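Protein chains: 2
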Amino acid sequence: MKKAVVLLSGGLDSTTCLALAKKQGFVCYALSFSYGQKHSAELRAAQNIAHHFGVMRHEIFNLDIGHLGGSALTDPQIAIPEEIEENIIPVTYVPARNTIFLSIALGWAEILEAYNIFIGISAVDYSNYPDCRPDYLDAFQTMATLATKTGVEAKPVHIEAPLMHLSKAETLNLGLSLGVDYSLTVSCYKANDEGLACGHCASCNIRKRGFVEAAVADPTRYIT
Amino acid sequence: MKKAVVLLSGGLDSTTCLALAKKQGFVCYALSFSYGQKHSAELRAAQNIAHHFGVMRHEIFNLDIGHLGGSALTDPQIAIPEEIEENIIPVTYVPARNTIFLSIALGWAEILEAYNIFIGISAVDYSNYPDCRPDYLDAFQTMATLATKTGVEAKPVHIEAPLMHLSKAETLNLGLSLGVDYSLTVSCYKANDEGLACGHCASCNIRKRGFVEAAVADPTRYIT
Numbered sequence: 196m197k198k199a200v201v202l203l204s205g206g207l208d209s210t211t212c213l214a215l216a217k218k219q220g221f222v223c224y225a226l227s228f229s230y231g232q233k234h235s236a237e238l239r240a241a242q243n244i245a246h247h248f249g250v251m252r253h254e255i256f257n258l259d260i261g262h263l264g265g266s267a268l269t270d271p272q273i274a275i276p277e278e279i280e281e282n283i284i285p286v287t288y289v290p291a292r293n294t295i296f297l298s299i300a301l302g303w304a305e306i307l308e309a310y311n312i313f314i315g316i317s318a319v320d321y322s323n324y325p326d327c328r329p330d331y332l333d334a335f336q337t338m339a340t341l342a343t344k345t346g347v348e349a350k351p352v353h354i355e356a357p358l359m360h361l362s363k364a365e366t367l368n369l370g371l372s373l374g375v376d377y378s379l380t381v382s383c384y385k386a387n388d389e390g391l392a393c394g395h396c397a398s399c400n401i402r403k404r405g406f407v408e409a410a411v412a413d414p415t416r417y418i419t
Numbered sequence: 196m197k198k199a200v201v202l203l204s205g206g207l208d209s210t211t212c213l214a215l216a217k218k219q220g221f222v223c224y225a226l227s228f229s230y231g232q233k234h235s236a237e238l239r240a241a242q243n244i245a246h247h248f249g250v251m252r253h254e255i256f257n258l259d260i261g262h263l264g265g266s267a268l269t270d271p272q273i274a275i276p277e278e279i280e281e282n283i284i285p286v287t288y289v290p291a292r293n294t295i296f297l298s299i300a301l302g303w304a305e306i307l308e309a310y311n312i313f314i315g316i317s318a319v320d321y322s323n324y325p326d327c328r329p330d331y332l333d334a335f336q337t338m339a340t341l342a343t344k345t346g347v348e349a350k351p352v353h354i355e356a357p358l359m360h361l362s363k364a365e366t367l368n369l370g371l372s373l374g375v376d377y378s379l380t381v382s383c384y385k386a387n388d389e390g391l392a393c394g395h396c397a398s399c400n401i402r403k404r405g406f407v408e409a410a411v412a413d414p415t416r417y418i419t
């Protein structure tokens with residue numbers, strides 16, 4: 196049985212990755228992080244999604260990086276923006292977030308003897324986060340192989356980013372072909388406790404445009 | 196004022212790094228991890244050392260990787276060995292530990308606008324951990340620059356490993372020249388609650404040989 200660690204935020208992209216990993220025959224170990232994000236409703240979504248897909252285990256890892264500050268996603272003093280400006284890294288960037296998440300996933304994968312980690316990052320229709328780009332991912336892969344006992348022993352853990360070159364609409368079409376129910380997912384940076392989306396933040400706007408471009412019905416539950 | 200994040204385990208090497216960073220004029224932010232290590236006495240040592248050196252802030256970061264298992268340092272079922280065998284990665288290896296520690300240090304450095312992280316790793320007189328070698332460190336540096344806003348904006352965070360090519364005796368001589376009181380430090384993997392060292396584990400043996408080679412008195416407090 197081949198195992199995979201799947202980073203699962205509870206959003207659209209990571210859920211599509213989980214569906215893909217399942218389809219590819221992996222026994223999935225889902226990993227979410229409670230890192231002080233304002234939109235902790237995404238964690239409840241992640242729990243529902245992990246259950247829905249019958250993962251072998253779902254870890255919600257407490258990671259108190261939020262109190263260090265530095266991001267609109269964790270700092271009450273910084274407002275969440277509505278639009279992503281071209282070529283500007285927005286205030287929703289969380290310093291080193293994907294590196295921290297992938298590092299913990301790497302440790303867990305090595306312990307589990309899982310040789311694949313799935314992460315739903317994309318460099319298309321994205322938020323200009325530096326840690327979502329192909330050259331970043333390649334560098335993480337090189338580092339990860341040198342960092343680990345399993346890598347040194349020529350059984351490296353592979354970082355899989357199957358959405359890297361897909362637009363949001365293409366990701367949606369992939370997920371729908373795999374039977375994903377996107378009403379389970381929460382992308383909104385300001386989601387309320389029931390997981391209802393604001394419909395106006397930068398993340399909602401990227402998501403909404405994806406459904407429009409894919410020309411499929413948007414099942415997102417918005418605050419009315 | 197130039198700032199540095201200093202990874203501080205409470206052991207001999209990280210304390211030497213902290214002394215060096217201070218000497219080089221950095222305002223120091225010490226970072227320790229409570230990760231489920233059996234030898235949590237090292238954290239109390241780290242607190243004393245941070246206070247002694249007058250760091251600006253000392254974060255003891257809770258990181259629950261211990262419950263994932265996979266290492267003699269965290270798993271009660273795995274005994275701590277007494278000797279390091281040549282060219283074998285020992286059971287005290289913690290999967291991806293330095294990568295996780297450095298990633299969190301990277302995030303904190305970016306938030307603080309600190310452009311240097313000090314880590315006391317060495318590839319001489321060491322435990323064959325893959326994440327203590329120069330090629331690993333180079334790969335982490337490359338990844339870290341691509342991962343971060345500050346890196347993309349041409350103000351990368353530099354990972355400093357000033358002990359990388361020093362033997363344990365050379366590290367001790369460096370530290371002593373900087374006035375380090377090594378009786379404050381705890382290296383032992385089986386240190387008791389008072390911070391007394393067992394004198395027999397692999398870490399104690401590396402440390403003891405360092406004092407012998409440096410031909411200086413060993414101030415370590417051993418369990419008698």
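These protein sequence lines are chains A and B, in that order. Numbering-wise (this note's numbering), the first sequence opens with residue 196 and increments by one. Numbering-wise (this note's numbering), the second sequence opens with residue 196 and increments by one. Note that CB positions come from ideal geometry on N, CA and C, so glycine has one too. Since we're looking at a predicted model, the values are computed, not measured.
Is residue i buried or exposed, if buried means 16 or more other CB atoms sit within 10 Å of its CB?
{"i": "B/Gly370", "result": "buried"}
{"i": "B/Val381", "result": "buried"}
{"i": "B/His234", "result": "buried"}
{"i": "B/Ile275", "result": "buried"}
{"i": "A/Met196", "result": "exposed"}
{"i": "B/Gly188", "result": "Nothing in the structure corresponds to residue 188 of chain B, since chain B is present only between 196 and 419."}
{"i": "B/Lys363", "result": "buried"}
{"i": "A/Gly249", "result": "exposed"}
{"i": "B/Asp330", "result": "exposed"}
{"i": "A/Ser398", "result": "buried"}
{"i": "A/Glu277", "result": "exposed"}
{"i": "B/Tyr288", "result": "buried"}
Can you tell me which of the three DSSP states residue i falls into?
{"i": "A/Lys217", "result": "helix"}
{"i": "B/Leu202", "result": "strand"}
{"i": "B/Tyr417", "result": "strand"}
{"i": "A/Phe313", "result": "strand"}
{"i": "A/Ala240", "result": "helix"}
{"i": "B/Ala339", "result": "helix"}
{"i": "B/Ala392", "result": "strand"}
{"i": "B/Ser322", "result": "coil"}
{"i": "A/Ala267", "result": "coil"}
{"i": "A/Leu379", "result": "helix"}
{"i": "A/His234", "result": "coil"}
{"i": "A/Pro329", "result": "helix"}
{"i": "A/Gly249", "result": "coil"}
Quick check on the DSSP output: the beta strand (DSSP E) that includes residue i runs from which residue to which?
{"i": "B/Ile255", "result": "Arg252 to Asn257"}
{"i": "A/His353", "result": "His353 to Glu355"}
Using beta carbons (cut-off 8 Å, strictly below), is residue i in contact with chain A?
{"i": "B/Ala291", "result": "yes"}
{"i": "B/Phe228", "result": "no"}
{"i": "B/Glu355", "result": "no"}
{"i": "B/Phe313", "result": "no"}
{"i": "B/Leu263", "result": "yes"}
{"i": "B/Phe221", "result": "no"}
{"i": "B/Ile255", "result": "no"}
So residue i is in the alpha helix (DSSP H); what residue range does that whole segment cover?
{"i": "B/Ser227", "result": "No alpha helix (DSSP H) holds B/Ser227; the beta strand (DSSP E) holding it covers Val222 to Ser229."}
{"i": "A/Cys399", "result": "Ala397 to Ala409"}
{"i": "A/Ile299", "result": "Arg292 to Leu307"}
{"i": "B/Gly346", "result": "Lys344 to Val347"}
{"i": "B/Leu369", "result": "Lys363 to Ser372"}
Taking CB distances under 8 Å as the criterion, tell me whether residue i reaches chain B.
{"i": "A/Lys344", "result": "yes"}
{"i": "A/Pro325", "result": "yes"}
{"i": "A/Thr287", "result": "no"}
{"i": "A/Glu280", "result": "no"}
{"i": "A/Asp259", "result": "yes"}
{"i": "A/Leu341", "result": "yes"}
{"i": "A/Ser298", "result": "yes"}
{"i": "A/Leu301", "result": "yes"}
{"i": "A/Ala334", "result": "yes"}
{"i": "A/Met359", "result": "no"}
{"i": "A/Asp330", "result": "yes"}
{"i": "A/Met338", "result": "yes"}
{"i": "A/Leu207", "result": "no"}
{"i": "A/Val347", "result": "yes"}
{"i": "A/Ile435", "result": "There is no way to answer for residue 435 of chain A, as the model of chain A reaches only from 196 to 419."}
Let me make sure I understand the geometry here. Which of the options has the alpha-carbon closest to that of residue i?
{"i": "B/Ser229", "options": "B/Ile255, B/Val250 and B/Ala245", "result": "B/Ile255"}
{"i": "B/Val467", "options": "B/Arg239, B/Glu389 and B/Leu367", "result": "With chain B running from 196 to 419 in the structure shown, residue 467 of chain B is simply not present."}
{"i": "A/Asn257", "options": "A/Thr211, A/Val250 and A/Leu226", "result": "A/Leu226"}
{"i": "A/Arg328", "options": "A/Phe335, A/Ala318 and A/Ser322", "result": "A/Ala318"}
{"i": "A/Gly264", "options": "A/Asn282, A/Asn323, A/Pro290 and A/Val407", "result": "A/Pro290"}
{"i": "A/Leu241", "options": "A/His262, A/Lys218, A/Thr211 and A/Glu281", "result": "Before going on, a small fix: residue 241 of chain A reads as Ala here, not Leu. Comparing Cα positions, the closest option is A/Thr211."}
{"i": "B/Val375", "options": "B/Leu203, B/Ile273 and B/Ile244", "result": "B/Ile244"}
{"i": "A/Pro351", "options": "A/Leu307, A/Ser266 and A/Cys383", "result": "A/Leu307"}
{"i": "B/Ile295", "options": "B/Glu389, B/Phe335 and B/Ser209", "result": "B/Phe335"}
{"i": "B/Leu297", "options": "A/Lys217, A/Asp320 and A/Ala339", "result": "A/Ala339"}
{"i": "A/Ile314", "options": "A/Leu373, A/Asp326, A/Glu305 and A/Asp320", "result": "A/Asp326"}
{"i": "B/Ile316", "options": "B/Gly390, B/Gly206 and B/Ala386", "result": "B/Gly206"}
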